[in-house]
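Colleague: Encoded as C-alpha cells, here's the structure I'll be asking about.
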Amino acid sequence: MDNKTAQLINQQINKEFYSAYLYLDFSNYLYDEGLSGFGNWFRIQAQEEQAHAMLFLQYLQNNGIKPQLDAVEKPAVAVKSVKAVLDETLKHEKYVTSLIDTIYEAAHKAKDYRSMQFLDWFIKEQGEEEMNACDLIKRYELFGGDPKSLYMLDSELGKRTYSAPSLKL
Numbered sequence: 003m004d005n006k007t008a009q010l011i012n013q014q015i016n017k018e019f020y021s022a023y024l025y026l027d028f029s030n031y032l033y034d035e036g037l038s039g040f041g042n043w044f045r046i047q048a049q050e051e052q053a054h055a056m057l058f059l060q061y062l063q064n065n066g067i068k069p070q071l072d073a074v075e076k077p078a079v080a081v082k083s084v085k086a087v088l089d090e091t092l093k094h095e096k097y098v099t100s101l102i103d104t105i106y107e108a109a110h111k112a113k114d115y116r117s118m119q120f121l122d123w124f125i126k127e128q129g130e131e132e133m134n135a136c137d138l139i140k141r142y143e144l145f146g147g148d149p150k151s152l153y154m155l156d157s158e159l160g161k162r163t164y165s166a167p168s169l170k171l
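So for the sequence shown, this note's numbering puts the first residue at 3; every next one is plus one.
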C-alpha cells in the first residue's frame with residue numbers, strides 16, 4: 003500500500019471516532035431538549051461512525067500496517083437549537099466526504115487499486131449520509147414548527163435501529 007494513502011487512512015480512523023463523539027454530543031443535546039427520537043437517531047449515527055473507524059482500522063491491519071491511534075478531540079461545536087444540530091450535521095458530513103475524496107485521490111495517484119475499491123463503499127456511504135442529513139433538515143423545516151408534527155417526526159426517528167455495515171474486507 004502506498005505510504006501516503008496508508009497515512010491518510012490512519013488519520014481517517016481518528017476522524018471517524020471524532021464524528022462518533024460529535025454525534026453523541028448532538029444526541030445528548032437532543033435528549034436534554036426532550037427529543038428522544040432525534041437523540042436516538044444521533045446515537046445510532048455515532049455507532050455507525052465507530053463502525054466506519056473500525057473498518058478503516060481493519061483495512062490497515064489486513065494490509066500489514068499497524069494503525070496509530072490518536073486522542074479524540076472533544077467536539078468543538080456548541081449548538082443552541084435543533085436546526086443548528088441538523089445544519090452542523092450536514093456541514094460535517096460534507097467535510098467527511100472531502101476527507102474520503104482526498105484519500106481516494108491519493109490512492110488513485112499511487113495506482114493503489116485495492117484501496118480505491120475499498121474506498122468505493124465509503125464514497126457511496128457519504129452520498130447516503132449527506133442525503134440523510136438533507137432529508138432531516140427538510141423534514142424538520144416542514145414539521146418542526148408544529149408541536150404535533152414534531153412529536154410524530156421525533157417518534158419516527160426513535161424507531162431507528164443500528165445495523166452494522168456490510169462491507170467485506
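The beta carbon of each residue, even a glycine, is placed where N, CA and C say it ideally should be. Since the structure is predicted, the reported quantities are computational estimates derived from the model, not experimental observations.
Pairing CB atoms from the region 32-48 with CB atoms from the region 60-74, are three or more of them under 8 Å?
Modeller: No, the region 32-48 does not touch the region 60-74.
Colleague: Drop a sphere of 10 angstroms on the beta-carbon of residue 50, count the other beta-carbons inside from all chains shown, and report buried for 16 or more, exposed for fewer.
Modeller: The residue is buried, with at least 16 neighbouring Cβ atoms inside 10 Å.
Colleague: Taking the CB atoms as reference points, tell me whether residue 15 and residue 69 lie closer together than 7 Å.
Modeller: Yes, the Cβ-Cβ distance between residue 15 and residue 69 is below 7 Å.
Colleague: Pull up the CB-CB distance for residue 18 and residue 54, whole angstroms please, since I reckon it's below 8 Å.
Modeller: Correct: roughly 4 Å between the Cβ atoms.
Colleague: Starting from the C-beta of residue 121, find all residues in its chain whose C-beta is less than 7 Å away, skip the five residues before and the five after it, and write them out in chain order.
Modeller: Excluding residues within five positions, the ones whose Cβ falls inside 7 Å are 102, 105, 106 and 109.
Colleague: In terms of alpha-carbon separation, which member of 26, 27, 157 and 60 lies closest to residue 142?
Modeller: Of the candidates 26, 27, 157 and 60, the one whose C-alpha sits nearest the C-alpha of residue 142 is 157.
Colleague: Assign residue 91 to one of two classes, buried (16 or more other C-beta atoms within 10 Å of its C-beta) or exposed (fewer than that).
Modeller: Label assigned to residue 91: buried.
Colleague: Taking the alpha carbon of residue 75 as the reference point, which residue from 27, 119 and 3 has its own alpha carbon closest?
Modeller: Of 27, 119 and 3, the residue nearest in Cα terms is 27.
Colleague: Can you tell me where the alpha helix (DSSP H) holding residue 75 begins and where it ends?
Modeller: From DSSP, residue 75 is part of no alpha helix (DSSP H); its letter is neither H nor E.
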